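According to this note's numbering, the sequence shown is numbered sequentially starting from 512.
Even for Gly, the Cβ is constructed at its ideal location relative to N, Cα and C.
Note that the coordinates shown come from a computational prediction; the quantities given were computed from them, not determined experimentally.
I have placed the structure first, in the form of structure tokens, so that the comments after it can refer back to it.
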Amino acid sequence: MRGMSIIEVLIGVIILALILIPAMSVISHGTQTVSATREHLEAVYMAQRVIEIGRTFDFQHLAKAQHTAAAEQKLTFEYDAGFDDNTDPLDRVKQKEQINGVIYEIKDFKIEQLSDRNTTTNKVPMMVYSFAIEYLSRDKKPHRLDASSAIVRKE
Numbered sequence: 512m513r514g515m516s517i518i519e520v521l522i523g524v525i526i527l528a529l530i531l532i533p534a535m536s537v538i539s540h541g542t543q544t545v546s547a548t549r550e551h552l553e554a555v556y557m558a559q560r561v562i563e564i565g566r567t568f569d570f571q572h573l574a575k576a577q578h579t580a581a582a583e584q585k586l587t588f589e590y591d592a593g594f595d596d597n598t599d600p601l602d603r604v605k606q607k608e609q610i611n612g613v614i615y616e617i618k619d620f621k622i623e624q625l626s627d628r629n630t631t632t633n634k635v636p637m638m639v640y641s642f643a644i645e646y647l648s649r650d651k652k653p654h655r656l657d658a659s660s661a662i663v664r665k666e
């Protein structure tokens, strides 16, 4: 008897399957984790870009409430972050970006000037802005990344 019987071949195939199936499952789960991490990092990078763009504006051009003229309001960070005009060269914040097949969108952008704790009329030279980055991952699960930052006027 030089060859292997059919029983020996079947036992070998079963043992090989018992080893390979869990290994393939681990590899598949690892790939999904890497993909989800990449998508989350892209949302973090988008939030960081918005925060950094906000820091490039002069303090008097952060909030629309600081200006009464519509032309001046269009030059504010709040307007830029809340209105997407791809034809305007001054539009620095993109509300919606598609990266690697995933669409990331800025939602719930708001900016406010802080008031002194003792009075409601005395404004502190600090603006706080907050927003969220929402996206639908490749596995069709909705995600939300909340971000906020503060800018202090230099006296």
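Exercise for review: Alpha carbon to alpha carbon, how far is SER536 from MET637? Give it in angstroms, no decimals.
Suggested key: Using only the alpha carbons, I get a separation of about 51 Å.
Check your understanding: Name the DSSP beta bridge partners of PHE642, please?
Key -> DSSP, once it has assigned bridges, lists ALA658 as partnering PHE642.
Practice item. Using beta-carbon positions only, say whether ARG623 and VAL604 come within less than 7 Å of one another. Key: In the sequence as presented, Arg is not what sits at residue 623; that position holds Glu. At the C-beta level, GLU623 and VAL604 stay beyond 7 Å of one another.
Review point. When you compare each of PHE588, ALA582, LYS651 to ASP569 by their alpha carbons, which one comes out closest?
Key: If we check each option's Cα against that of ASP569, PHE588 comes out closest.
Practice item. Give the secondary structure of GLU620 by DSSP, where H, G and I count as helix, E and B as strand, and everything else as coil. Key: It is Phe, not Glu, that sits at residue 620 in the sequence shown. In this structure, PHE620 counts as strand in the three-state DSSP scheme.
Practice item. Could you pull out every residue in the same chain whose Cβ sits closer than 6 Å to the Cβ of ILE564, ignoring the five residues on either side in sequence? Key: Short of 6 Å from the beta carbon of ILE564, and not among the five residues preceding or following it, lie these beta carbons of its own chain, in chain order: ARG603, VAL604.
Exercise for review: Examine chain B for any beta-carbon lying closer than 7 Å to the beta-carbon of GLN543, and answer yes or no.
Suggested key: Any reference to chain B falls outside this structure, which holds one protein chain only.
Practice item. Measure the C-alpha to C-alpha separation of VAL635 and HIS578 and round it to an integer number of angstroms. Key: Each residue's alpha carbon lies about 17 Å from the other.
Practice item. Evaluate ILE532 with the Cβ neighbour count: other Cβ atoms within 10 Å of its Cβ, from every protein chain shown; 16 or more gives buried, anything less gives exposed. Key: Around the beta carbon of ILE532, fewer than 16 other beta carbons sit within 10 angstroms, so the residue counts as exposed.
Exercise for review: Identify whether SER539 lies in helix, strand or coil by the three-state DSSP scheme.
Suggested key: In the structure shown, SER539 sits in a helix (DSSP, three-state: H, G or I).
Practice item. Please list, in chain order, all residues of the same chain as GLY593 whose beta carbon is under 6 Å from its beta carbon, the five residues on each side excluded. Key: Counting only Cβ-Cβ distances below 6 Å, and skipping sequence neighbours, we find PHE620.
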